[in-house]
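First up is the structure itself, then whatever we jot down about it.
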Amino acid sequence: MRTRIACIASNTFREAVRDRVLYNLIAFALLMSGAAVLVGQISIGIERLVVVNLGLSAISLFGIVIAIFIGIGLVSKEIEKRTLYTVLSRPVGRWEFIVGKFFGLAGTLVVNTGLMAIGVFAALLYVSRALEPAEVWILVGLYFIILQFLMITAIALFFSSFSSPLLSAVFAFSSFVIGSFAEDLHGFADTAQGASRWLATAAAYLVPNFSSLNVITSVAHQQPVTRQLIVSNSLYALVYTGMVLCGAVLIFERRNLK
Amino acid sequence: MAAIEIVGLEKTYHVGFWRKRPKCALRPLDLNVEAGEIFGLLGPNGAGKTTTLKLLMGLVFPTAGSARILGVEINHPGMKAQIGFLPEQPYFYDHLTACELLDYYALLSGVGAKERRRKIDEVLARVGLRDASGLQLRKFSKGMLQRVGIAQAIVHDPRVLFFDEPMSGLDPIGRREVRDLMEELKQQGKTVFFSTHILSDAETLCDRVAILHLGELRGVGAVADLTSSVEGKVEIIWHGSSIPASLKPLTSECHLTGDTVRAIVREANQDAAIDALREQGVRILSLTPVRTSLEEYFVRKLKLSETAAGVGL
Amino acid sequence: MKASGRITLTAWVLLVLCLLTSTLALHNLNQIRSRARFDDVLYVASPKILQRLSLGYGGVLADVYWTRAVQYFGTKHYRASRQYELLGPLLEITTALDPHLTVAYEFGANFLASAPPAGAGMPERAIRLAEYGIRNNPGEWKLYYNLGFIYYMELKDFSRAADAFMRGSQVPGAHPFLKTMAAQMAEHAGELGMARMLWITNYQSTVDRDIRANAVSHLRALQVDEDVINLEKLVSTYRERTGHWPASFTELASAGMLRALPIDPLGEPYKLAPEGRVEVREPDKFPFIEKGMPSGYTPPPPKFLPSDRDAAQSCC
Chain A
7 MRTRIACIAS NTFREAVRDR VLYNLIAFAL LMSGAAVLVG QISIGIERLV
57 VVNLGLSAIS LFGIVIAIFI GIGLVSKEIE KRTLYTVLSR PVGRWEFIVG
107 KFFGLAGTLV VNTGLMAIGV FAALLYVSRA LEPAEVWILV GLYFIILQFL
157 MITAIALFFS SFSSPLLSAV FAFSSFVIGS FAEDLHGFAD TAQGASRWLA
207 TAAAYLVPNF SSLNVITSVA HQQPVTRQLI VSNSLYALVY TGMVLCGAVL
257 IFERRNLK
Chain B
122 MAAIEIVGLE KTYHVGFWRK RPKCALRPLD LNVEAGEIFG LLGPNGAGKT
172 TTLKLLMGLV FPTAGSARIL GVEINHPGMK AQIGFLPEQP YFYDHLTACE
222 LLDYYALLSG VGAKERRRKI DEVLARVGLR DASGLQLRKF SKGMLQRVGI
272 AQAIVHDPRV LFFDEPMSGL DPIGRREVRD LMEELKQQGK TVFFSTHILS
322 DAETLCDRVA ILHLGELRGV GAVADLTSSV EGKVEIIWHG SSIPASLKPL
372 TSECHLTGDT VRAIVREANQ DAAIDALREQ GVRILSLTPV RTSLEEYFVR
422 KLKLSETAAG VGL
Chain C
823 MKASGRITLT AWVLLVLCLL TSTLALHNLN QIRSRARFDD VLYVASPKIL
873 QRLSLGYGGV LADVYWTRAV QYFGTKHYRA SRQYELLGPL LEITTALDPH
923 LTVAYEFGAN FLASAPPAGA GMPERAIRLA EYGIRNNPGE WKLYYNLGFI
973 YYMELKDFSR AADAFMRGSQ VPGAHPFLKT MAAQMAEHAG ELGMARMLWI
1023 TNYQSTVDRD IRANAVSHLR ALQVDEDVIN LEKLVSTYRE RTGHWPASFT
1073 ELASAGMLRA LPIDPLGEPY KLAPEGRVEV REPDKFPFIE KGMPSGYTPP
1123 PPKFLPSDRD AAQSCC
């Protein structure tokens, strides 16, 4: 069982890489180099701030886009192209397929993020000649970004397991936007009355909460992240991802592949 | 033990916006396929052949009924290691090479690491793709893709094979090669179950066939038995440019080509036709029995409104 | 289908477990982050850049920040905080994203300027906000009114207040009181009548419930102050006439000095305390009164806003 999942995962990774997804790194590299060079001339004194802000925001955005666009194709493309038929006619459980695809894309994103992180640190070195110990919080910020990727990948995969590619993209992207404002949804639930209060609270707990995972601004200001927050965020992200994957598996198990 | 047993397998889809309208893709189907035979599932497009195959592969879930392959319920994961599937007009991961693809599939089917390399080479040679093993699949022609499809179906040495329209898109040489391959598989004792709408292929290859039309089974049996149930015919070719009057009512078909005439006559009227021609003093060039084609049987069956009972085993 | 049944069951069980755990984890996260929720506002170096980055969605983002500002203020106000350090940045970001969100300027004039615990106590910042508002909405009379309000109430700069009211009164559709207040400022600044006009204009110029509740409280307080002054004058007159303090208001009534028993704006009768002092029965219901409080009374932090109610519900 584990070898099959690993096999599907590595195949997904290989497909993504050969599909030139890693070319996005070129765009990223250009962006970071440009920023590093320009920043030194425009904003004296806050070079670090800009580089970290820009770098982490770009990593986050690029990654979300990749996660959504590849994620929605993971299942629907395979059905459309009928590559799925030859896989499922083998002793491969449908759930193994979903889990394998998830790990494949997650792995791609981790590698992508890792390479981009090198770029950010390189740009940081360029603008400030030395790395400060407070920079370790950038790694925490990156870790949180990866947790976000896990969640959004699971969500994209979930929608892709029953919906067309276009609709899946719309739903996944909407989930991301709503999730970024999840805290405001909580705030709204607090002030609502009666039935809409219950509805809003339920929604606030169901949507993925990305706001707590977004520490880019505070990390850019070299503020530390508490261990409590790291542990809580990790638990939340992993459990939420697991929940969504279970949903994807349940739907996919019953699906007729016409 | 039958290799494939299908009992009352049925599939109804629900279409429409509210998914209320039922559309029956397959009426309850009862069918048995013996081990070691080549079995053809025939029918026009939309007859339900692909639906049947998908039901057997577990890609689609039956509305009713059940099926067993090698004595095991379909959808049982263990059984799937013993079967191979070639879908219609297959398409594969663009960016893999043939070798990598087969490696992927072999691994998924549980082929051990030691044997994998060997089996892949073997299978690639057998389908004639040894030279292209390092090429990415997106550069493959349609015929090559079909061969890769067959390769992935047999790489793990399964006992039962399922092919959906295996000859589609192939040139005559390609089709010949696939036919030869299927014969080889039969020699090895494997069971082959394939669907096609090209009757000539079925005639030459299959031990037994089943005919589907609009989701319903219209006839099952050995090819020879089926065709023999249709009356025999004889083809007469003679030198001339017209048909004798006495001959006209006896013929069903007549073709004039240059200075030869070709006519098809029922076997029973064979002698009467020859007499008629001799009376005219016509030079008879040849007299050949026409093997009744499966096509005739096919067309007849399809025209009947009732379901035909199975014709022997 | 046995294997498939097992998988379905496992998946369902896992799903429910994960759902419960994620809800709990999220609840925990919210507790941890309840302070930090608004902090990222501190790090927005320039609201202008944020506006550019919002890519045309500034309006929506402004609404989000506006909602946050109200919630932030409500939570702090309910806790009787003396520090509202994020209110300024929140309002500034809101108005940078949407310069035409009038209610944000009104909120700033009322709650950014006034002293804690009723507000943030940053009148200069409030003035900058109001002037930014006027620059972007020169045809909105309420903003001139807000500016004048801050000058009058918090900075006691009556000439600038008059000037603002004058400019505002020239905008078509302005509240008639603006002209009156501008005209009377020189003679009657600091008087009850002027304050009353201000608070009435305040009430009538907005639809925000917090600002209105605030205005109503102030108007009631002014009424109480006026009543108490008048009643105490009557009581001293009585004393001068009769040589002793009256025991109750009925004595004043029978002496023909009162037509009816005096009641406060909430309908409760006033109390006549020894030494001729007049008091309200329930001073807690009248935040902002300056007269009529029992001796030794310290007013509790005011919690009369609708936002306080919401904060009470959701809090802590």
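Chains as they are written, first to last, in the numbering used here: chain A, 7 to 264; chain B, 122 to 434; chain C, 823 to 1138. All C-beta atoms in this analysis are idealised placements derived from N, C-alpha and C, irrespective of residue type, glycine included. These numbers come from a predicted model, not from an experiment.
Mind checking whether arginine 10 (chain A) and valine 98 (chain A) have CB atoms under 8 Å apart?
For this step, residue 10 (chain A) is matched to residue 4 along the first sequence. For this step, residue 98 (chain A) is matched to residue 92 along the first sequence. Yes, the pair counts as a contact, with Cβ atoms nearer than the cut-off.
Measuring only between beta-carbons, confirm whether valine 925 (chain C) sits less than 8 Å from chain A.
The count along the third sequence starts at 1 and reaches residue 925 (chain C) at position 103. By this cut-off, valine 925 (chain C) is not an interface position.
How far does the alpha helix (DSSP H) with lysine 1055 (chain C) in it reach, from first residue to last?
Counting from one through the third sequence, the residue named residue 1055 (chain C) turns up at place 233. That run of the alpha helix (DSSP H) goes 1031-1064.
Under the assumption that valine 181 (chain B) contacts lysine 144 (chain B) (Cβ atoms under 8 Å), give the Cβ distance between them as a whole number of angstroms.
As a position in the second sequence, residue 181 (chain B) is number 60, starting the count at 1. As a position in the second sequence, residue 144 (chain B) is number 23, starting the count at 1. So it is not a contact: roughly 13 Å between Cβ atoms.
Considering only residues of the same chain and omitting the five flanking positions on each side of glutamate 21 (chain A), which have a CB-CB separation below 7 Å?
Taking the first residue of the first sequence as position 1, residue 21 (chain A) is located at position 15. Result list for glutamate 21 (chain A): empty, nothing under 7 Å.
Chain C contact for cysteine 13 (chain A) (CB, 8 Å cutoff):
In the first sequence, residue 13 (chain A) corresponds to position 7, counting from 1. Closer than 8 Å: no.
Would you mind stating whether valine 213 (chain A) and glycine 248 (chain A) have Cβ atoms separated by less than 8 Å?
Indexing the first sequence from 1 puts residue 213 (chain A) at position 207. Indexing the first sequence from 1 puts residue 248 (chain A) at position 242. No. Outside cutoff.
Excluding the 5 residues preceding and the 5 following isoleucine 74 (chain A) in the sequence, name in chain order all residues of the same chain whose CB lies nearer than 7 Å to its CB.
The sequence position of residue 74 (chain A) within the first sequence is 68, counting from 1. The answer, listed in chain order, is Ile158, Ala162, Ala175, Ala178, Phe179.
Taking the beta carbon of methionine 7 (chain A) as the centre, do at least 16 other beta carbons fall within 10 Å, making it buried, or is it exposed?
On the first sequence, position 1 is the one that residue 7 (chain A) refers to. Methionine 7 (chain A) comes out exposed.
DSSP three-state assignment for aspartate 285 (chain B), whether helix, strand or coil:
Your numbering for residue 285 (chain B) matches position 164 in the second sequence. Reduced to three states, the DSSP call for aspartate 285 (chain B) is strand.
Would you call isoleucine 32 (chain A) buried or exposed, if buried means 16 or more other Cβ atoms sit within 10 Å of its Cβ?
Stepping through the first sequence from its first residue, residue 32 (chain A) is reached at position 26. Its Cβ having fewer than 16 others within 10 Å, isoleucine 32 (chain A) is exposed.
Does any CB atom of chain B fall closer than 8 Å to the CB of threonine 114 (chain A)?
Your numbering for residue 114 (chain A) matches position 108 in the first sequence. No, threonine 114 (chain A) does not count as interfacial toward chain B.
Report the CB separation of glutamine 203 (chain B) from leucine 217 (chain B) in whole angstroms; it is logged as a contact under 8 Å.
Here residue 203 (chain B) corresponds to residue number 82 of the second sequence, with the count starting at 1. Here residue 217 (chain B) corresponds to residue number 96 of the second sequence, with the count starting at 1. Contact doesn't hold; Cβ gap of about 25 Å is too wide.
For glutamate 976 (chain C) versus serine 936 (chain C), is the C-beta spacing smaller than 8 Å?
Within the third sequence, the letter at position 154 stands for residue 976 (chain C). Within the third sequence, the letter at position 114 stands for residue 936 (chain C). Result yes, Cβ atoms of glutamate 976 (chain C) and serine 936 (chain C) sit closer than 8 Å.
Can you check which of these residues, C:Arg828, C:Phe929, C:Thr843, C:Thr832, is closest to serine 1129 (chain C) by C-alpha distance?
Within the third sequence, numbered from 1, the residue matching residue 1129 (chain C) stands at position 307. Comparing Cα-Cα distances from serine 1129 (chain C) to each of C:Arg828, C:Phe929, C:Thr843, C:Thr832, the minimum goes to C:Phe929.
Can you say whether glycine 79 (chain A) is buried or exposed, counting buried as having 16 or more other CB atoms within 10 angstroms of its CB?
Here residue 79 (chain A) refers to the residue found at position 73 of the first sequence. Buried: at least 16 other Cβ atoms inside 10 Å.
How should serine 316 (chain B) be labelled, buried or exposed, when 16 other C-beta atoms within 10 angstroms of its C-beta is the threshold for buried?
Here residue 316 (chain B) refers to the residue found at position 195 of the second sequence. Per the 10 Å Cβ criterion, buried.
Counting contacts by CB-CB distance shorter than 8 Å, is glycine 185 (chain A) in contact with chain C?
For the purposes of this step, residue 185 (chain A) is identified with residue 179 of the first sequence, where counting begins at 1. No, glycine 185 (chain A) lies away from the interface with chain C (no Cβ there is under 8 Å from its Cβ).
Does the Cβ of leucine 205 (chain A) have 16 or more other Cβ atoms within 10 Å, making it buried, or fewer, making it exposed?
Here residue 205 (chain A) refers to the residue found at position 199 when the first sequence is read from its first residue. With fewer than 16 other Cβ atoms within 10 Å, it is exposed.
Would you mind giving the Cβ-Cβ distance between leucine 445 (chain B) and threonine 312 (chain B), rounded to the nearest angstrom? I have them listed as a contact below 8 Å.
The requested residue 445 (chain B) is not part of the displayed model; chain B covers only 122 to 434.
With DSSP as the reference, label isoleucine 405 (chain B) as helix, strand or coil.
Mapped onto the second sequence, residue 405 (chain B) falls at position 284. Correct three-state label for isoleucine 405 (chain B): strand.
Given glycine 402 (chain B) as reference, the closest of B:Pro365, B:Ala323, B:Lys175 once Cα atoms are compared:
Here residue 402 (chain B) refers to the residue found at position 281 of the second sequence. The candidate whose alpha carbon is nearest that of glycine 402 (chain B) is B:Pro365.
Aspartate 224 (chain B) classed as buried or exposed, judged by whether at least 16 other C-beta atoms fall within 10 angstroms
Numbered from 1 along the second sequence, position 103 holds the residue referred to as residue 224 (chain B). Aspartate 224 (chain B) comes out buried.
Taking lysine 1113 (chain C) as the reference, give the member of C:Thr1072, C:Arg874, C:Arg1042 with the closest Cα.
The count along the third sequence starts at 1 and reaches residue 1113 (chain C) at position 291. Ranking the options by Cα distance to lysine 1113 (chain C), first place goes to C:Arg1042.
Less than 8 Å between the beta carbons of tryptophan 143 (chain A) and valine 255 (chain A), yes or no?
Numbered from its first residue, the first sequence carries residue 143 (chain A) at position 137. Numbered from its first residue, the first sequence carries residue 255 (chain A) at position 249. No, Cβ-Cβ distance for tryptophan 143 (chain A) and valine 255 (chain A) is not below 8 Å.
Which same chain residues, not among the five before or five after glutamate 286 (chain B), have their C-beta less than 7 Å away from its C-beta?
If you number the second sequence from 1, residue 286 (chain B) lands on position 165. Closer than 7 Å at Cβ, skipping near neighbours: Glu209, Ser316, Thr317.
Are the C-beta atoms of glutamate 53 (chain A) and some chain C residue less than 8 Å apart?
By one-based count along the first sequence, residue 53 (chain A) stands at place 47. False, the Cβ-Cβ gap to chain C never drops below 8 Å.
Please list the partners that tryptophan 101 (chain A) has in chain C, where partner means a Cβ-to-Cβ separation under 9 Å.
Your numbering for residue 101 (chain A) matches position 95 in the first sequence. Per Cβ cutoff of 9 Å: Ile829, Thr832, Ala833.
Against glutamine 234 (chain A), what residues of chain C qualify as contacts under a CB-to-CB distance less than 7 Å, listed in chain order?
In the first sequence, the residue the question calls residue 234 (chain A) occupies position 228. The contacting residues are Ile854.
If you follow the beta strand (DSSP E) that alanine 188 (chain B) is part of, which residue opens it and which one closes it?
Residue 188 (chain B) sits at position 67 when you count from the first residue of the second sequence. 185-190 is the extent of the beta strand (DSSP E) around alanine 188 (chain B).
Could you tell me whether the Cβ of proline 287 (chain B) comes closer than 8 Å to any Cβ of chain A?
Residue mapping note: residue 287 (chain B) aligns to position 166 of the second sequence, counting from 1. No, no contact with chain A.
Determine the chain A residues that contact asparagine 850 (chain C) at a beta-carbon separation under 7 Å, and present them in chain order.
The residue you call residue 850 (chain C) lines up with position 28 of the third sequence. Per Cβ cutoff of 7 Å: Ser238.
Would glutamate 259 (chain A) pass as an interface residue toward chain C - the criterion being a Cβ-Cβ separation below 8 Å?
Residue 259 (chain A) sits at position 253 when you count from the first residue of the first sequence. Taking Cβ atoms only, chain C reaches closer than 8 Å to glutamate 259 (chain A), which makes this a yes.
With 8 Å as the limit, tell me which residues of the region 168-183 of chain B have their beta carbon closer than that to any beta carbon of chain A; keep them in chain order.
Lys175, Met178, Gly179, Leu180, Val181, Phe182
For a test of the three-state rule: what should DSSP assign to phenylalanine 160 (chain B), helix, strand or coil?
Position 39 of the second sequence, counting from 1, holds the residue named residue 160 (chain B). Of the three classes helix, strand and coil, the one that applies to phenylalanine 160 (chain B) here is strand, per DSSP.
Beta-carbon gap between valine 133 (chain A) and valine 57 (chain A) smaller than 8 Å
Here residue 133 (chain A) refers to the residue found at position 127 when the first sequence is read from its first residue. Here residue 57 (chain A) refers to the residue found at position 51 when the first sequence is read from its first residue. Cβ atoms of valine 133 (chain A) and valine 57 (chain A): closer than 8 Å.
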